[in-house]
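Working notes, structure below.
Chains as they are written, first to last, in our numbering: chain A, 1 to 341; chain B, 1001 to 1417.
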């Protein structure tokens, strides 16, 4: 599977849902197609397929060091759709995708909002090549999990920093890179028993397909970045779906934590304009994990272009057509979007 | 870092330490190239201890309160538990592939150092006790392990105390800590020998798939005559021209059925300048296992040695003729943590035994075994605050059959940060 070229076809996705991930790779390789012509070989293929359907147990450490790691681990949910793995994405594409992620937080005292890259250049340096190699090695029932730590500016012009922990799972599915965060800029603290700072540390949440992880920080939307939306319409702010062909890294060299006027931090379920440091209207930060998709679609973004507005309007209409939002909510949100013109 | 930046950083870091508390923890802060962290706890317990002594005589080095007295009595205390209250400071930095760190630990106790003679009553103007148990530097690399130099927990027996559920409680009080002292005994001396805090140079290996080992050269320990039936370092004319050695190998695994197994040793030459005695070897080993599944955790531990003594290393290790005594001990512990509420209940039993030396008479009052049984409930009122209720029965038995019993109820709290 090549980066940017593979989008799982609906039929294949249905087949994967029905028969599991193993069918996909075999089918794509052509071997299964040929095998189906021979009953015996077909049986062999099915046997191999059955064996492959068993989710791999345990984890494989791809890299670890200083309380950080990248691992191959079984999908967290046995009922999950198998991933499009192995996936050949390349380090550059992974760097662009993960480097595009930003978090925002409203300062309750000043009313300003901070935007900063989720991963520091050091973290990206540690992370991306192992994520790339992990995705290339992973089976359909495996995710690449990670946990990294690096300091973010806290005070004294960056002289004092606070180490933040990022942890989550990465997988490639339906032509998109998915990242589910369990920890997003969380505190870092060693477990300490009787003065012994053990190798263990505060347990890190690894991100879950079934349950959203509440975070102090909120991911910011950006070009090529969408938030996963469940069938019930709930938008998962801890689960970002990245179009690696569009996503581009933010200016990682820029000072971390630059303050900008606050704006609604609701997640956008579709790709929106860059959430850079341009001024945006002040507004309170709602609970990201429960923010309705409609609000997300209507959320204005810095540097909003007409194309972006059009895209958001289309998304809003789509939500209404699916019956996910009421006519009244649709009209309200549409007015909000149109007011930006 | 220039002076101005240093002052700004110093002033800011204290403020930030105090304001960046989240979920009961001082978060680690980076200051320039250094990561710094404060951690610790304060704990306090009401303890009601009833002591039953043997009219026939004492149990020398017995760990039940009443071992030494000639009558029964009850004590009430407001005291520190087995875990001392703690203020720990740690700083570390990484250069290239090497991490450098320092740790300093200050352990103030609630209990007074001074007592009124004949009773465990604090005297006016008696100040509380304090220790500095940790002072060490370390440097380490991912591939080659790490070196620690300074004072820290000993290697031998360390996993025994770190796995002891009474570390969050009080456990055995005994005559030793009846009148105060920094902490209670927990299961020290009633299941394992105290690892203690020792000057040491320790090498820690990297982890190879869960396997690791430690080796330490330790400040030489001196003989202690706790019972009055042994030789201490002075009476033995013990030389200080030898180091102690301790080591441990461990294997740990994770998963639904997680656990750890370990084995460690302790060794020290007991040299004497007195021609009346021979040089002796103190050597001991231990094995232990800890497994967890669901909310259950089981611990099993055993140690044995010659010339290592009981309760603490080299306590009553040689008889009055300078011959080493054999000793062993064990403990078993089961705990269960209720899901959702997080309350942990536990039960444990353990004993430490000390054999007679060749010069000990058969009817010696020297302790033969210290044994205890503990039931505890540990409830997390918050992730940083545990409420503790514990009941402990301790029995000390002498070689001549004298017995002393201690029943201790402790209720208190431990707040970690």
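Yeah, the Cβ is synthetic: ideal placement off N, Cα and C, and Gly gets one too. In this text, all values refer to a predicted model and were calculated from it rather than measured experimentally.
With a cut-off of 8 Å, does the C-beta of residue 163/A fall near any C-beta of chain B?
What you label residue 163/A is simply residue 163 of the first chain in a count that begins at 1. At least one chain B Cβ lies under 8 Å of residue 163/A.
What's the call for residue 1381/B, buried or exposed, on a 16-neighbour Cβ count within 10 Å?
As a position in the second chain, residue 1381/B is number 381, starting the count at 1. By the neighbour-count rule (16 or more Cβ atoms within 10 Å), residue 1381/B is not buried but exposed.
Per DSSP, what kind of secondary structure is residue 333/A in: helix, strand or coil?
Walking along the first chain from the start, residue 333/A turns up at place 333. It is helical.
Can you find a C-beta in chain A that's less than 8 Å from the C-beta of residue 1371/B?
Within the second chain, the letter at position 371 stands for residue 1371/B. Not closer than 8 Å to any Cβ of chain A, the Cβ of residue 1371/B fails to qualify, so no.
I need the boundaries of the alpha helix (DSSP H) containing residue 1161/B, first residue and last residue.
On the second chain, residue 1161/B is found 161 positions in, with the first residue counted as 1. Run containing residue 1161/B: 1158-1162, per the alpha helix (DSSP H) assignment.
Please report how far the alpha carbon of residue 1102/B lies from the alpha carbon of residue 162/A, in whole angstroms.
Here the question's residue 1102/B lines up with position 102 in the second chain. Here the question's residue 162/A lines up with position 162 in the first chain. Residue 1102/B and residue 162/A: Cα-Cα distance of roughly 19 Å.
Going by beta-carbon coordinates alone, are residue 1219/B and residue 1198/B separated by less than 8 Å?
Taking the second chain and counting its residues from 1, one reaches residue 1219/B at position 219. Taking the second chain and counting its residues from 1, one reaches residue 1198/B at position 198. Yes; because the gap between Cβ atoms is below 8 Å, this pair is in contact.
Would you kindly report the start and end of the unbroken alpha helix (DSSP H) that includes residue 1039/B?
Counting from one through the second chain, the residue named residue 1039/B turns up at place 39. Looking at the DSSP string, residue 1039/B is not in any alpha helix (DSSP H); the run it does join, the beta strand (DSSP E), is 1034-1052.
Any idea what DSSP makes of residue 173/A, helix, strand or coil?
Within the first chain, residue 173/A is the residue found at index 173, counting from 1. Here residue 173/A sits in strand by DSSP.
What does residue 151/A reach in chain B if we use C-beta pairs closer than 7 Å?
Counting from 1 along the first chain, the entry for residue 151/A is found at position 151. Within 7 Å Cβ-Cβ: 1030.
Contact under 8 Å by Cβ, residue 1395/B with residue 1320/B
What you label residue 1395/B is simply residue 395 of the second chain in a count that begins at 1. What you label residue 1320/B is simply residue 320 of the second chain in a count that begins at 1. It is not a contact, given that the beta carbons lie outside the stated cut-off.
Within 8 Å of any Cβ in chain A, is that where the Cβ of residue 1133/B sits?
Position 133 of the second chain, counted from the start, is the residue given in the question as residue 1133/B. Cβ-Cβ to chain A under 8 Å: yes for residue 1133/B.
Tell me whether residue 1330/B sits in a helix, a strand or coil according to DSSP, three-state version.
As a working note, residue 1330/B is residue 330 in the second chain. Three-state result, residue 1330/B: strand.
Determine whether the Cβ of residue 159/A lies closer than 8 Å to any Cβ atom of chain B.
Here residue 159/A refers to the residue found at position 159 of the first chain. At least one chain B Cβ lies under 8 Å of residue 159/A.
What are the partner residues of residue 116/A, as DSSP defines its beta bridges?
Mapped onto the first chain, residue 116/A falls at position 116. Note: residue 116/A sits in a beta bridge opposite 103/A.
Could you check whether the Cβ of residue 192/A sits closer than 8 Å to any Cβ belonging to chain B?
Position 192 of the first chain, counted from the start, is the residue given in the question as residue 192/A. Interface residue, yes.
So if I threshold CB-CB distances at 8 Å, which residues from the stretch 1083-1098 of chain B count as touching chain D?
Absence of chain D from the displayed structure is noted, the protein chains being A and B.
Among 1352/B, 1097/B, 1239/B, which has the Cα closest to the Cα of residue 1367/B?
By one-based count along the second chain, residue 1367/B stands at place 367. If we check each option's Cα against that of residue 1367/B, 1352/B comes out closest.
So residue 196/A contacts chain B; which residues on that side make the cut at Cβ distance below 9 Å?
If you number the first chain from 1, residue 196/A lands on position 196. The answer, in chain order, is 1152, 1153, 1158, 1162.
C-beta atoms of residue 62/A and residue 118/A nearer than 8 Å
Position 62 of the first chain holds residue 62/A. Position 118 of the first chain holds residue 118/A. For residue 62/A and residue 118/A, no; Cβs fall outside 8 Å.
Counting only beta-carbon atoms, is residue 1105/B nearer than 8 Å to chain A?
The sequence position of residue 1105/B within the second chain is 105, counting from 1. So yes, residue 1105/B belongs to the interface.
Can residue 1185/B and residue 1318/B be called in contact, C-beta distance under 8 Å?
Here residue 1185/B refers to the residue found at position 185 of the second chain. Here residue 1318/B refers to the residue found at position 318 of the second chain. No.
Taking three-plus beta-carbon pairs below 8 Å as touching, is the stretch 1271-1278 of chain B in contact with the stretch 1297-1312 of chain B?
no
Looking at chain A, is there any beta carbon in it that lies within less than 8 Å of the beta carbon of residue 1167/B?
Along the second chain, one-based indexing puts residue 1167/B at 167. Yes - at least one Cβ of chain A is within 8 Å of the one on residue 1167/B.
Contained beta strand (DSSP E) runs [length at least 3] in the stretch 1173-1229 of chain B, N- to C-terminal order:
1197-1204, 1211-1218
For the beta strand (DSSP E) containing residue 1378/B, list its first residue and its last residue.
Position 378 of the second chain holds residue 1378/B. That run of the beta strand (DSSP E) goes 1367-1382.
Residue from 1161/B, 1347/B, 1236/B with nearest C-alpha to residue 1288/B:
The sequence position of residue 1288/B within the second chain is 288, counting from 1. The shortest C-alpha separation from residue 1288/B is found at 1161/B.
Mind pulling the chain A residues with CB within less than 7 Å of residue 1205/B?
Residue mapping note: residue 1205/B aligns to position 205 of the second chain, counting from 1. Those do not exist, as residue 1205/B stays about 12 Å from chain A at its closest Cβ, beyond 7 Å.
For residue 350/A, does the three-state DSSP call read helix, strand or coil?
In the structure as shown, chain A begins at 1 and stops at 341. Residue 350/A is therefore absent and cannot be evaluated.
DSSP three-state call for residue 157/A: helix, strand or coil?
Taking the first chain and counting its residues from 1, the one referred to as residue 157/A is at position 157. It is helical.
Own chain, CB closer than 8 Å to residue 1041/B, minus 5 neighbours either side, in chain order
Counting from 1 along the second chain, the entry for residue 1041/B is found at position 41. Taken in chain order, the residues that qualify are 1083, 1085, 1086, 1414, 1415, 1416, 1417.
Closer than 7 Å by beta-carbon distance: list the chain A residues that pair up with residue 1148/B, in chain order.
As a first step, residue 1148/B is located in the second chain; it is residue number 148 there, counting from the start. Here the premise fails: no neighbours, minimum Cβ distance about 11 Å.
If we cut at 8 Å on Cβ distances, does residue 1260/B have a partner in chain A?
Counting from one through the second chain, the residue named residue 1260/B turns up at place 260. Chain A contact via Cβ: absent.
Pull up the distance between the alpha-carbon of residue 1293/B and that of residue 1299/B, whole angstroms please.
Your numbering for residue 1293/B matches position 293 in the second chain. Your numbering for residue 1299/B matches position 299 in the second chain. Looking at the two C-alpha atoms, the distance is approximately 12 Å.
So for residue 121/A, helix, strand or coil by DSSP?
As a working note, residue 121/A is residue 121 in the first chain. Helix.
Going by C-alpha to C-alpha distance, which of 1316/B, 1104/B, 1053/B, 1363/B sits closest to residue 1089/B?
Position 89 of the second chain, counting from 1, holds the residue named residue 1089/B. When each option's Cα is compared against that of residue 1089/B, the closest is 1104/B.
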